[in-house]
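*Asks:* All residue numbers for the sequence shown refer to the working numbering, where the first residue is 1382 and numbers rise by one.
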Amino acid sequence: MSLMQNTSEINKTDKQVYLITLLRKSTNMPQYIDHMIYETAEGGQEFMARLVEAFSRAGYREKKLSDDKYNLDNGLDKTTLRGSYQPIYKG
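(1) Less than 8 angstroms between the C-beta atoms of residue 1460 and residue 1436, yes or no?
(2) Just curious, the alpha helix (DSSP H) that residue 1410 is in, first and last residue?
(3) Which of the three DSSP states is assigned to residue 1443 in this structure?
(4) By Cβ distance, which residues of its chain are closer than 6 angstroms to residue 1408, with the 5 residues on each side in sequence left out?
(5) Would you identify the three-state DSSP class for residue 1432, choosing helix, strand or coil?
(6) Leaving out five residues on either side along the sequence, give the residues of the same chain with a beta carbon under 6 angstroms from the beta carbon of residue 1472.
(7) Please classify residue 1424: does DSSP put it in a helix, a strand, or coil?
(8) Let me check understanding here. Comparing Cα to Cα, which of 1443, 1441, 1430, 1440 lies closest to residue 1401?
(9) To the nearest angstrom, how far is the alpha carbon of residue 1412 from that of residue 1403?
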């Protein structure tokens, strides 16, 4: 069965969620990706700020590109945090 089969039954709603993506690339470990979903950007951005603070305490250098984008680096691991609005679909 194709993923695109019966797409006529899938409709975008007027609601959105704030999706946070964490991506870690390491020289000596497999790539790691994780997603967290928040109802609002404010909640997601608050979570990202706390997470960046924890990474900083663990020795990571932070580079804040915006409230929705952070790059973290400890010399071996490179971690990116990104937040964005994503539509909600109903089938």
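Think of the CB as a built atom: it goes at the ideal place given N, C-alpha and C, for glycine as much as any other residue.
*Replies:* Working from what's here:
(1) yes
(2) No alpha helix (DSSP H) contains residue 1410, which DSSP labels as neither H nor E.
(3) strand
(4) 1457
(5) helix
(6) 1390, 1391
(7) helix
(8) 1430
(9) 11 angstroms
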